[in-house]
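Numbering (our numbering), first residue to last: 204 to 339. Each residue gets a CB set at the ideal place from its N, CA and C atoms; glycine is no exception.
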Amino acid sequence: MSEPISISERPGGKYTNDVRSSRHHLYADEPVDLGGADLGPSPYEYLCAALGACTSITLRMYADRKKWPVSHISVDVSHSKEIHGDGIKRDVFTRMISVQGDLDETQHARMIEIANRCPVHRTLEAGSDVITKAAH
């Protein structure tokens with residue numbers, strides 16, 4: 204099990220939160236148009252960041268293991284909610300992946316396949332159980 208991430212309200216805005224891991228301190232908030240102070244990324248922006256960072260790291264590990272000449276990797280991730288043909292509203296994450304380096308078409312295609320295997324991608328795709336307990 205991973206170390207817990209601690210989130211607690213903080214002064215600064217109606218929805219502003221401190222986000223603390225064992226080694227880092229971040230802020231989360233909502234944009235001004237939603238009543239927040241915009242002092243940090245929104246929860247969905249953090250979810251997009253998690254997917255993008257995991258994708259980039261997974262691709263870098265793969266390129267390094269294969270000793271492929273990849274000079275730079277970047278990932279843009281957006282989130283939307285869309286109604287599918289079955290009438291069910293679903294979250295949709297769209298990634299735009301840029302892999303720079305002297306790779307052929309087969310290698311580029313393989314990098315996209317590997318992107319779809321990053322752990323956060325697999326977690327989002329599979330769904331998750333969320334267990335909620337009250338602290339006393």
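Which same chain residues end up closer than 7 Å to residue i when comparing Cβ atoms and leaving out the 5 residues on each side of it in sequence?
| i | result |
| --- | --- |
| E248 | none |
| D241 | D232, P234, V235 |
| G216 | D232, G239, A240, L242 |
| R213 | T219, N220, D221 |
So which of the options has the shortest CA-CA distance to residue i?
| i | options | result |
| --- | --- | --- |
| I286 | A231, M299, V295, D279 | V295 |
| P244 | A329, D289, L254, N220 | N220 |
| S274 | A266, V280, S281 | A266 |
| H311 | G216, S211, R213, K269 | K269 |
| A256 | G238, L237, G239, S281 | S281 |
| E316 | K284, D332, G290, T258 | T258 |
| E328 | P214, L254, I208 | L254 |
| G330 | R313, H339, R293, D289 | R293 |
Please work out which residues of its chain come closer than 6 Å, Cβ to Cβ, to residue i, disregarding the five sequence neighbours upstream and downstream, and give them in chain order.
| i | result |
| --- | --- |
| P272 | G304, D305 |
| S277 | S301 |
| V222 | I210, L229, A231 |
The alpha helix (DSSP H) spanning residue i covers which residue range?
| i | result |
| --- | --- |
| G255 | 246-269 |
| T326 | 322-329 |
Grab me the residues of residue i's own chain with a C-beta within less than 8 Å of its C-beta, minus the 5 sequence neighbours each way, in chain order.
| i | result |
| --- | --- |
| E206 | S224, S225 |
Just curious, the beta strand (DSSP E) that residue i is in, first and last residue?
| i | result |
| --- | --- |
| E212 | 209-212 |
| D279 | 273-286 |
Is residue i helix, strand or coil by DSSP?
| i | result |
| --- | --- |
| D221 | strand |
| M299 | strand |
| I317 | helix |
| D340 | Any property of residue 340 remains undetermined from this structure, which presents the chain solely from 204 to 339. |
Could you check whether the segment 319-328 touches the segment 251-270, counting it as contact only if at least three pairs of C-beta atoms, one from each stretch, sit closer than 8 Å?
Yes: at least three Cβ pairs fall under 8 Å.
Any contact of the segment 299-317 with the segment 212-231, i.e. 3+ C-beta pairs under 8 Å?
A contact is defined here as three or more CB-CB pairs under 8 Å, and the segment 299-317 fails this definition with respect to the segment 212-231.
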